[in-house]
Amino acid sequence: MQLELDPPYGVGPIKIGMSMDEAEAALRELGGDLSGRTRGFAHFGADLSIHVVSDKDGLVEAIEVHRSEDDFADTVLCLGIDVFGTPAVDVTRLLGELTPVRVETEGASLVAPELLVALWQPFVPGHGNNNGVVGEGLYFRTALVAGPGYYDKSGQHRAIHAG
Numbered sequence: 002m003q004l005e006l007d008p009p010y011g012v013g014p015i016k017i018g019m020s021m022d023e024a025e026a027a028l029r030e031l032g033g034d035l036s037g038r039t040r041g042f043a044h045f046g047a048d049l050s051i052h053v054v055s056d057k058d059g060l061v062e063a064i065e066v067h068r069s070e071d072d073f074a075d076t077v078l079c080l081g082i083d084v085f086g087t088p089a090v091d092v093t094r095l096l097g098e099l100t101p102v103r104v105e106t107e108g109a110s111l112v113a114p115e116l117l118v119a120l121w122q123p124f125v126p127g128h129g130n131n132n133g134v135v136g137e138g139l140y141f142r143t144a145l146v147a148g149p150g151y152y153d154k155s156g157q158h159r160a161i162h163a164g
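According to this note's numbering, the sequence shown is numbered sequentially starting from 2.
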């Protein structure tokens, strides 16, 4: 599957501001398995998932795409950059050439505030014990696209999780 992050509008057919029912229909159209207990959460195969976050009115306010392994069968693009298939250090450089970016949490997070995009990786090379896990710290694993005002509510990219 190929998905396009389209900040601040959405991810593929899932759009910021649509109802959760519409978002879940879009997830199903993409082939997602929504059989879990969490509303707006879909699995795509073994390694890719999408989590749609709603606001208090039940409208989509953020979309999180997560890849758990180095499965390069799925491509997630942002401004033409493969954010999961390109090493994180290169994504940081390439995205930084197109828009201002902030590197946070010792390199584990990248925020492009003007785009309302955040990227996350569970480990950073040279930090902690990530030896023996192929690809850990080399690639981003999670991408979040949010609508305007999302970060103003919490000051953090609160939907991004630790895997």
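C-beta atoms are modelled at their ideal positions from N, C-alpha and C, and glycine is treated no differently.
Alpha carbons only, please: which of the options is nearest the one belonging to residue i?
i, options, result
"Ser110", "Thr100, Pro14, Ala89, Leu116", "Ala89"
"Val54", "Leu4, Ala113, Leu78, Gly18", "Gly18"
"Ser69", "Trp121, Asp91, Glu30", "Trp121"
"Pro123", "Leu116, Glu115, Thr106, Arg40", "Thr106"
"Arg152", "Asp34, Ile15, Asp56", "The sequence as given places Tyr at residue 152; Arg does not occur at that position. Ranking the options by Cα distance to Tyr152, first place goes to Asp56."
"Ala47", "Asp34, Gly41, Asp58", "Asp34"
"Phe141", "Thr39, Leu78, Gly150, Pro149", "Leu78"
"Ser20", "Met2, Asp58, Ala43", "Asp58"
When you compare the CB positions of residue i and residue j, do they come within less than 8 Å of one another, or not?
i, j, result
"Ile51", "Gly11", "no"
"Leu49", "Asp75", "yes"
"Val61", "Ala24", "yes"
"Glu115", "Thr93", "no"
In the DSSP assignment, what are the bridge partners of residue i?
i, result
"Ala63", "Val54, Ala147"
"Thr76", "Gln3"
Am I right that residue i and residue j are in contact with their C-beta atoms under 8 Å? What's the rounded C-beta distance?
i, j, result
"Phe45", "Gly32", "6 Å"
"Leu117", "Ala147", "5 Å"
"Leu96", "Ala113", "6 Å"
Quick check: the stretch 4-14 against the stretch 78-86, are at least 3 beta-carbon pairs closer than 8 Å?
Between the stretch 78-86 and the stretch 4-14, the count of C-beta pairs closer than 8 Å reaches three or more; the two stretches touch.
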